[in-house]
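The structure under discussion appears below in the form of structure tokens.
Protein chains: 2
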Amino acid sequence: MGKNITIIGLGQMGSALALIAAKAGNKVTAVGTPQDKEIIDSCIVNAGRHPRIEEVFPQNVSFAYSDGWRQACEGADYVIGAISSFGVDWFLEEILSVMDTSVPIVSAAKGLVGLDDGSLISYPEYWERALEAKGIKRDIYAIGGPGTAQEIRRGEHTHVAVCGRDADIMKMIKSSLETDTFHISLTHDVHGLESAVAIKNAYALGVSMVIGYSSKNDPDPEHTHCNCQAAAYYQAAKEMVTYLKEEGACQESILIGLGDLYVTVTGARTRKLGILLGEGKSLEEATKILSGMTLESVVIIERLAKAVKTKVAKGQLRKEDFPMLLFVDKVLTQGQVSQLPWKDFTYSEV
Amino acid sequence: MGKNITIIGLGQMGSALALIAAKAGNKVTAVGTPQDKEIIDSCIVNAGRHPRIEEVFPQNVSFAYSDGWRQACEGADYVIGAISSFGVDWFLEEILSVMDTSVPIVSAAKGLVGLDDGSLISYPEYWERALEAKGIKRDIYAIGGPGTAQEIRRGEHTHVAVCGRDADIMKMIKSSLETDTFHISLTHDVHGLESAVAIKNAYALGVSMVIGYSSKNDPDPEHTHCNCQAAAYYQAAKEMVTYLKEEGACQESILIGLGDLYVTVTGARTRKLGILLGEGKSLEEATKILSGMTLESVVIIERLAKAVKTKVAKGQLRKEDFPMLLFVDKVLTQGQVSQLPWKDFTYSEV
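These protein sequence lines map, in sequence, to chains A and B.
This note's numbering puts the first residue of the first sequence at 836, with every later residue one more than the last.
This note's numbering puts the first residue of the second sequence at 836, with every later residue one more than the last.
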């Protein structure tokens, strides 16, 4: 028995989840944000054709403009908010603050919000707190993990986790969304999971910078620089584990973050930026070369470095445990630094 | 002040360590195994030229044939055994069983020995036990971690760990071997470290098989199959962590293993084999295609699967925690299996 699922936001991830939800046999209503007007126009006029994705939405997906969101959510078993980081406050004010609290909300937004005290929280936590300040009690669920929208749409095997408080609601979300290629784990660890998959972008940049340093010094394409990459991945993983454990993340969330780190280093955008920086380009030059790319890694490094420094000042973390993060932050903020702090990447247990 | 270092075995790793030790300012004596006669011939006649490596040994490296090992070890501050897995028992009987126990021995051999009870131990542990059975008490040290010999020789940044019991001896080894690109950590965790860097070969095959499955189903070279790789890395890391924790490995050793896993999947031999198997080739066909390659991953999977099954039977591990290992073992022993057990790679904490 399919569910009634309303998805708000029809960008890359919203479209991917709409296709998955439809494939899994649900009745899907896709609601555009105010920025998605042309997308909804196209989907309505052209029988499910999105202007920027190849796949065509099947007949069990219907469409609505942003001003019709309230009607589109009536009778929904749950609502997925697939909005970009720019829409976080719009979603809070226009949707969450007025929506019936009995309808579960699942966030597919990725990223962390930096608070004034330096700490980093996930969007679900940010929304829950903001709603509570308005006297609204609502649990917010999330779908997190390494899943590029394009590959989800193509039906490639993908493993994500649904996180939140109520086990029954989470099981309902899982059973309604999973397909033979879309695999879903369940965890209560919202903060740990969302933190892990966000900070991996910072460390993917660190590991990629090591590749850039090495390939600049030795540009022979046959030389794959395995040793230094392994050393860099080790250090990145160690810093991620140290930070995430202090944040109370559970082991599964940490390991999902490490898998995401692996694939982000072997993958696209963050790797390219890291290699350019490692080769000696400034952030300005590198950003110019990569114009048009979203450089989420730069934002997260700044926020994470601030968070770590605050925790160091409070005695909750030790500065010497984060040589890679602090080095990368220095490169981004102060320009190129000549040498990676390799000796700081070793340890002694004797 | 340099040390007197004797290295037994002048294959790829022995040669790399001889070059590093010489570069670090030590007096090095390189002793061939009985299989290395032609190598020693060449080094002596051609002023330090090894027949199979590009680099030339500098003047502070001298050479000796295997029958001169005893004289070559006289006055040595320590001896490095850089022998292949085929020389393990030769090294035990001919060298370790008769050598002065006051001279520290460091093993650079990689791999694990499977005992009759199914457990896996490192070569240093294997040798220590065998010597103890002969009434000889000796601590054996090891150098472990992700370091390909070729890159160590080229002077690429490399992070290894020296492990063993006596802190002073380990510090002496570290200070004598480290250079501006060869970085050394110290740990007492011999078993954990050697286990981590050995079993990563099994899991690199598992992750590579996932890549092979995906690229067979969707051969478009633009499609990088990020989602399934991240999912596979997560599962591999989880199984490694579960096994290694049960073996008592410390966190640093586990993370070194995860860095080694990352680089082995992005690297050469094991990846190629995994992709061929994932594409549907049998082990026999794949081995034929890769003729001449050492397929250490196949050996370690067999041993690790046996070890895990034994521990499952004893109630020390749970079978359901190792779906990737047991699947890969099944593919190797029973031929191609149609589907990866994707649903077993998910978890529920609720």
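Even for Gly, the Cβ is constructed at its ideal location relative to N, Cα and C.
- In this structure, DSSP gives Ser954 of chain A a state outside helix and strand, which the three-state scheme calls coil.
- Leu1111 of chain B: member of the alpha helix (DSSP H) spanning 1104-1113, first to last residue.
- Listed in chain order, the alpha helix (DSSP H) runs fully inside the region 955-995 of chain B are 958-968, 984-989, counting runs of at least 4 residues.
- Taking 9 Å as the Cβ-Cβ cut-off, the region 970-987 of chain B approaches chain A at Gly980, Pro981, Gly982, Thr983, Gln985, Glu986, Ile987, given in chain order.
- A direct Cα-Cα distance of roughly 44 Å separates Gln1070 of chain B from Met934 of chain B.
- The three-state reading of DSSP puts Ala917 of chain B in coil, since its state is none of H, G, I, E or B.
- Close CB contacts of Ile888 of chain A within its chain, under the 6 Å cut and outside five residues either way in sequence, are with Ser850 (chain order).
- Phe1180 of chain B belongs to the set of residues whose beta carbon lies under 8 Å from a beta carbon in chain A.
- For Gln847 of chain A, no Cβ of chain B is located within less than 8 Å of the residue's own Cβ.
- For Leu1152 of chain A, the three-state secondary structure derived from DSSP is coil.
- Shown in chain order are the members of the region 1050-1074 of chain A whose Cβ falls below 9 Å from a Cβ of chain B: Asn1052, Asp1053, His1058, Thr1059, His1060, Cys1061, Asn1062, Cys1063, Gln1064, Ala1065, Ala1066, Ala1067, Tyr1068, Tyr1069, Gln1070, Ala1071, Ala1072, Lys1073.
- In this structure, the straight-line span from the alpha carbon of Cys878 of chain B to that of Gly1092 of chain A is close to 48 Å.
- In this chain, the alpha helix (DSSP H) harbouring Ile1008 of chain A covers 1002-1012.
- Take the alpha-carbon of Tyr1182 of chain B and the one of Lys1149 of chain A: they are about 35 Å apart.
- Per the DSSP secondary-structure output, Val948 of chain B pairs in a beta bridge with B:Ile956.
- Under the 8 Å Cβ criterion, the region 1064-1081 of chain A does not count as touching the region 1022-1040 of chain B, having fewer than three qualifying pairs.
- Scanning its chain for C-beta atoms nearer than 6 Å, with the 5 sequence neighbours on each side dropped, one finds around Pro959 of chain B the residues Ser942, Ile975, Ala977, Val1025, in chain order.
- For a Cβ distance threshold of 8 Å, residue set Thr1059, Cys1061 of chain B lies close to Gly1102 of chain A, ordered along the chain.
- Here Met836 of chain A is exposed. Its C-beta has fewer than 16 other C-beta atoms within 10 Å.
- Secondary structure at Val933 of chain B: coil, using DSSP grouped into helix, strand and coil.
- DSSP, read as helix, strand or coil, puts Ser901 of chain B in helix.
- Comparing C-alpha distances from Asp924 of chain B to each of B:Ala899, B:Glu873, B:Asp871, B:Leu966 shows the shortest one belongs to B:Leu966.
- Within the same chain, Asn839 come within 8 Å of Gly910 of chain A by CB-CB distance, once the 5 residues on both sides are set aside.
- Under the criterion of beta carbons closer than 8 Å, Cys1063 of chain B and His992 of chain A qualify as touching, at roughly 4 Å.
- Looking at the DSSP output, Lys838 of chain B shares a beta bridge with no other residue.
- Bounds of the alpha helix (DSSP H) holding Ser877 of chain B are 872-880.
- Per DSSP, Lys1051 of chain B has no beta-bridge partner at all.
- Under the DSSP assignment, Ile888 of chain B falls outside any beta strand (DSSP E); it carries neither an H nor an E label.
- Bridge pairing for Leu1021 of chain A: A:Val997, B:Ser1183 [DSSP].
- Rounded to the nearest angstrom, the gap between the Cα atoms of Gly903 of chain A and Lys969 of chain A is 24 Å.
- Excluding residues up to 5 positions away in sequence, Pro1158, Phe1162 lie with their Cβ nearer than 6 Å to the Cβ of Pro1176 of chain A in the same chain.
- A Cβ-Cβ separation of about 20 Å leaves Val1076 of chain A out of contact with Leu1021 of chain B under the 8 Å criterion.
- Apart from the 5 residues on each side of it in sequence, Gly982 of chain A sits with its Cβ closer than 7 Å to the Cβ of Thr993, Val995 in its chain, given in chain order.
- Between Arg1106 of chain A and Gly1115 of chain B, the alpha-carbon positions lie close to 31 Å from each other.
- Between Leu931 of chain A and Ile918 of chain A, the gap from beta carbon to beta carbon reaches 8 Å or more.
- Annotated three-state conformation of Val941 of chain A is strand, per DSSP.
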